[in-house]
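Below you'll find the structure, written out as structure tokens, and then a few comments.
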Amino acid sequence: MVRKRIPDHDFRNIMRGMFDPLAAQAHHSALRSISRVVEETTAPMEEGAALEGVVKLLEAGSVLAVTGAGVSTDSGIPDYRSPRGSLNQGRPMTYQEFRFDPVASHRYWARSFVGWRVMADAQPNRTHYALVELERAGLLTGMVTQNVDGLHRRAGSENLVALHGDLATIVCLQCGHREARELLDARLDHLNPGYFDSIALDPAAVNPDGDVTLDDHHVQRFTMAGCARCGSVLLKPDVVYFGEPVPSIRKTRVAQLLDGADAVVVAGSSLAVMSGYRIVIEAQRAGKPVAVINGGPGRADHRVDILWRTRVGPAFDQILDALDL
Ligand SMILES: [Zn+2]
834 MVRKRIPDHD
844 FRNIMRGMFD
854 PLAAQAHHSA
864 LRSISRVVEE
874 TTAPMEEGAA
884 LEGVVKLLEA
894 GSVLAVTGAG
904 VSTDSGIPDY
914 RSPRGSLNQG
924 RPMTYQEFRF
934 DPVASHRYWA
944 RSFVGWRVMA
954 DAQPNRTHYA
964 LVELERAGLL
974 TGMVTQNVDG
984 LHRRAGSENL
994 VALHGDLATI
1004 VCLQCGHREA
1014 RELLDARLDH
1024 LNPGYFDSIA
1034 LDPAAVNPDG
1044 DVTLDDHHVQ
1054 RFTMAGCARC
1064 GSVLLKPDVV
1074 YFGEPVPSIR
1084 KTRVAQLLDG
1094 ADAVVVAGSS
1104 LAVMSGYRIV
1114 IEAQRAGKPV
1124 AVINGGPGRA
1134 DHRVDILWRT
1144 RVGPAFDQIL
1154 DALDL
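Mind the numbering: the sequence shown is residues 834 to 1158 in this note's numbering, read in order.
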């Protein structure tokens, strides 16, 4: 597995803040995971055969859909690992930085205060709605998304597990209090009048976790708000960051969805992150066929039954047409 060099300006801050060797180890392991580059290993199938294969799986009526960042790029949210992906502009925070590095955490919240407005304006696209149609037609037993943008939920998908959480909720790392992001945003807006309007933002520079790049002087003049219950500024989006495990209740729900499915269709994910890749491994262990529809190479390409290299939006148009939906 190849790894690319990623920007890591925060290294000294992290090491200063991180006295716990286990936390430091988890942080480094998270950085390794972030920098994983998925290389081309397998020639994709001919398009007609791939479409036919996916349609057959869906017609059987018991498919678990697994989605990733490639489903949301048509909503204006960039992915991490494509050539124009946001890993080339910076890297996501690790859990350990939220917990132990106040400088990095402050910078995140300044950037996220700006970036979240772009995320909040993003609308579901035709792929999100196509998946709702497939569910309503009884062809999906459920969906697992790795995305944290909430767009499947807003499009109307029902039997949905947001594996990595949702940016619309925040959690206090001090007292565990959860609250809606809008409420924190209102406090931040009050503490930082005119801040958003003072920044010329390129929407394409927003990461999938709602983070943007901001100059240091903007970061320094940002005032962070505290937890509504305990006042701590140790706040984090209720999203599974690198270096943090997926909550076991969600793993259980994914296992149940997989148990109830006869096949898995992955859309818009390179499966570079283990929590997604594991679903494919488990499906195949249970003898269930797996299809991947994705615009670039993926980690499971060499082992899946159907490999369709295409833009996800047009692919789902074709799938709905073929199914007369
Ligand atoms: Zn708190």
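Here a beta-carbon is modelled for each residue, glycine too, at the ideal position from N, C-alpha and C.
{"Check": "What would DSSP say about Val1113, mapped onto helix, strand or coil?", "Outcome": "helix"}
{"Check": "Using a threshold of 7 Å, is the CB atom of Ser1065 nearer than that to any non-hydrogen atom of ligand 1?", "Outcome": "yes"}
{"Check": "Under three-state DSSP, which class holds Gly998?", "Outcome": "strand"}
{"Check": "Cα-Cα, which of Ile1003, Val977, Val965 is closest to Arg987?", "Outcome": "Val965"}
{"Check": "In the DSSP assignment, find the unbroken beta strand (DSSP E) run with Leu1068 in it and report its ends.", "Outcome": "1068-1072"}
{"Check": "Given a cut-off of 8 Å, decide if Asn980 and Val1039 are closer than it, judged by their beta-carbon atoms.", "Outcome": "no"}
{"Check": "Using 10 angstroms around the beta-carbon of Leu1140, count the other beta-carbons present and answer buried if the total reaches 16, otherwise exposed.", "Outcome": "buried"}
{"Check": "Given Val977, which residues of its chain have a CB within under 6 Å of its CB, disregarding the five upstream and five downstream residues?", "Outcome": "Val899, Val994, Leu996, Val1087"}
{"Check": "If you drop the 5 nearest sequence neighbours on each side, which residues of the same chain put their C-beta closer than 7 Å to that of Tyr962?", "Outcome": "Ala988"}
{"Check": "Considering only residues of the same chain and omitting the five flanking positions on each side of Gly1146, which have a CB-CB separation below 8 Å?", "Outcome": "Asp907, Asn958, Arg959, Thr960"}
{"Check": "Are the C-beta of Val1106 and some C-beta of chain B separated by less than 8 Å?", "Outcome": "Considering every chain present, this structure includes no chain B. It has just one protein chain."}
{"Check": "Helix, strand or coil, according to DSSP, for Arg1142 in the structure here?", "Outcome": "strand"}
{"Check": "In chain order, what residues of the same chain have a beta carbon less than 7 Å from the beta carbon of Leu890, not counting five sequence neighbours either side?", "Outcome": "Val896, Ala1096, Val1098, Pro1122, Ala1124"}
{"Check": "Expressed to the nearest angstrom, what Euclidean distance is found between the alpha-carbon atoms of Leu1024 and His1010?", "Outcome": "21 Å"}
{"Check": "Work out the CA separation of Leu1006 and Phe1055 for me, nearest whole Å.", "Outcome": "20 Å"}
{"Check": "Locate the alpha helix (DSSP H) running through Met1057, then write down its first and last residues.", "Outcome": "Premise fails: Met1057 is in no alpha helix (DSSP H) and is neither H nor E."}
{"Check": "Less than 8 Å between the C-beta atoms of Asp1049 and Gly948, yes or no?", "Outcome": "no"}
{"Check": "Less than 7 Å separating the Cβ of Arg1011 from some heavy atom of ligand 1?", "Outcome": "no"}
{"Check": "Which value, in whole angstroms, describes the spacing of the CA atoms of Arg932 and Val871?", "Outcome": "29 Å"}
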